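Working notes, structure below.
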C-alpha cells in the first residue's frame, strides 16, 4: 500500500509541477504544492527503506535525487532551491538534538581517549592526503600548472576539504535510528571534534594559499575572528540553551513551537553574528542536557513532533540538489579519491583507537560513522570557489561529486554499524527521566 501511495503521490507531484511557473520564476502555488507532495512522498520512501533495514534518511535522499532536476526532473531547479529554505533550521535542530544526547558525566571516563583518537585520525588523514595530492597534482583537473609553494599550500587546502566529515548526517542517522550507546557516543565525539579542528585547519590553510599566491594578510585578525566563531558560537548557544531550559522548567507550554523558534534563533541570529550555527546549537543542547535537564517528557515529545517534517524536507532537498552532472564529468577521479579517503578513515581509526587505548567493538566500527560528507564540506568548497574563482570552480565540481558518493554510502554504512552494535532503538529505553529522542519515524 505504501508503494502504491508513493507512486500516486509522485504522479500527482509531476502533474502539479508541470503546471508550475516557467523556469526562472518561483514562489507560485505549484511550487508550494510540489514541496508539500515531496514532503509526503519522501517520508513514504523513508518508510520503504526502513523495511529493508536501510536508514530513512537514505530514502529521503533517494527521493530527492530521483525526482530532482538532475534526474527525473519532476522538481524544477527553482523548486529544489526553494526546498532548501529549511536548511539552517534543520542543521540547528539536528545539532541541538545531538547536544541533548551528550552527557558529560557519562562520557567523562573516556573523553580524553576519544579526543586522542580523533586527533590522531585527523593528523594521519590530513598529512597522507596532502602528500598524495601534492604528488598527483599535475594530473588533477584543478590547477595542474601550479608549482612550488603554491602547490604545497593548495594541496594542503584540498586535503583539508577532503578530510572533512559530516556532523549533520552522522547525527541525523543517530537520531532517526533512535540509537544510544558507546558507538553513537564515540562517533558524536569524533564528528564534533573534527568540526572544531577542521574550522581551524581550513582557516589556516586558506591563509596559507593567500600568502603563497601573493594575497595574504596579517594573521592576528584571522585568529581573533576564528576565536569569535568557535568560542563565541558556544557562548551564544549556551545563553540560548539556558533561556530555553528556564522556559521548560517554569512555563513548559507549546514546547514544540518554542523548540522550533529556538532553532531559528540559533540559525538566523547566529549566522548574522558570524557564529557557526552547528556549534551554537550543539552548545545549547549541551547546556540543556548537562546543566538544566528538563523533567518529564515535554521536550522528548516536542522533538518527535517538530523535527520529523524538518528533517524529511532537509534531506529530500539535499538529494534534489545533488549535481549528478558533476559526478558524470569527474566521476572516475571522484570514485578513486572517495575510495582512498574511506581506506584512510578505516586505517587511521584503527591506529587512533590503539594510540588512545580504546578497545572493543565501538572503536572498530566507528569509522563507518565518519564516511558521510554533506553541508560542512560543501560550505568549504563554496568558500574556496568564491575566493579563487579561476580554479575554485573545478575543485567545487570534484568536491560535489565526492559528496554525492559519500552522502549516498555513508548513512547506510553507519546505520549498519549501529545495528551491529545493538544500539538502534536504545533511546526509547535508556535514561527515561530526562532523555530525549529523535523523531518517531
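In my numbering, the protein residues as written are 5 to 445. In this text, a Cβ means the ideal position worked out from N, Cα and C, and glycines have one as well. All of these numbers come straight from a predicted model, not from anything done at the bench.
With a threshold of 16 other beta carbon atoms within 10 Å, residue 257 falls short and is exposed. Counting along the chain, the unbroken alpha helix (DSSP H) around residue 64 starts and ends at 60–71.
In the same chain as residue 363, and ignoring 5 residues on each side of it, the C-beta atoms closer than 8 Å to its own belong to 357, in chain order. Under the three-state reduction of DSSP, residue 85 is assigned to helix.
Judged by DSSP secondary structure, residue 100 falls within the alpha helix (DSSP H) whose first and last residues are 91–104. Under the three-state reduction of DSSP output, residue 74 falls in the coil class, being neither helix nor strand. Boundaries cannot be given for residue 278, as no alpha helix (DSSP H) includes it and DSSP labels it neither H nor E. The three-state secondary structure of residue 211, taken from DSSP, is helix. A contact between stretches requires three or more CB pairs, one per stretch, nearer than 8 Å, and the region 87–101 fails this requirement with the region 330–348.
DSSP places residue 296 in no alpha helix (DSSP H); its state is neither H nor E.
Judged by DSSP in its simplified three-state form, residue 348 adopts helix. When rounded, the separation of the alpha-carbon atoms in residue 430 and residue 149 is 53 Å.
Within the same chain, Cβ atoms closer than 7 Å to the Cβ of residue 158 are found at 147, 150, 213, the five residues on either side in sequence being excluded. In the structure shown, the three-state DSSP call for residue 389 is helix. When the Cα atoms are used, residue 399 and residue 340 turn out to be separated by approximately 15 Å. The shortest CA-to-CA distance from residue 231 to any of 252, 208, 246, 245 is the one to 208.
Taking a contact as a CB-CB distance under 8 Å, the pair residue 290 and residue 99 does not count as one, their CB atoms being some 10 Å apart. Its Cα nearest to that of residue 389, the residue 161 stands out among 161, 279, 197, 366. If you draw a 10 Å sphere on the C-beta of residue 137, you find 16 or more other C-beta atoms in it, and that means buried.
A buried status is given to residue 187, since no fewer than 16 other beta-carbon atoms sit within 10 Å of its beta-carbon.
By the 16-neighbour rule on beta-carbons within 10 angstroms, residue 319 is buried. Nearest to residue 64 by C-alpha distance, out of 77, 72, 49, 57, is 49. DSSP places residue 154 inside the alpha helix (DSSP H), whose first and last residues are 152–167.
Our two residues, residue 284 and residue 43, have alpha carbons roughly 27 Å apart in a direct line. Nearest in C-alpha terms to residue 167, of all of 139, 184, 201, is 201. Around residue 305, the same chain offers 259, 260 as residues with beta carbons nearer than 8 Å, after the five sequence neighbours per side are excluded.
Burial check for residue 288: the Cβ neighbour count within 10 Å reaches 16 or more, so the residue is buried. Residue 272 has its alpha-carbon roughly 23 Å from the corresponding atom of residue 197. Annotated three-state conformation of residue 147 is coil, per DSSP. Inside the region 391–423, DSSP marks no whole beta strand (DSSP E) run of 3 or more residues. DSSP places residue 56 in the coil class of the three-state scheme, outside both helix and strand. A distance below 7 Å between beta-carbons, with the five flanking residues on each side excluded, links residue 421 to the following residues of its chain, in chain order: 187, 369, 372, 373.
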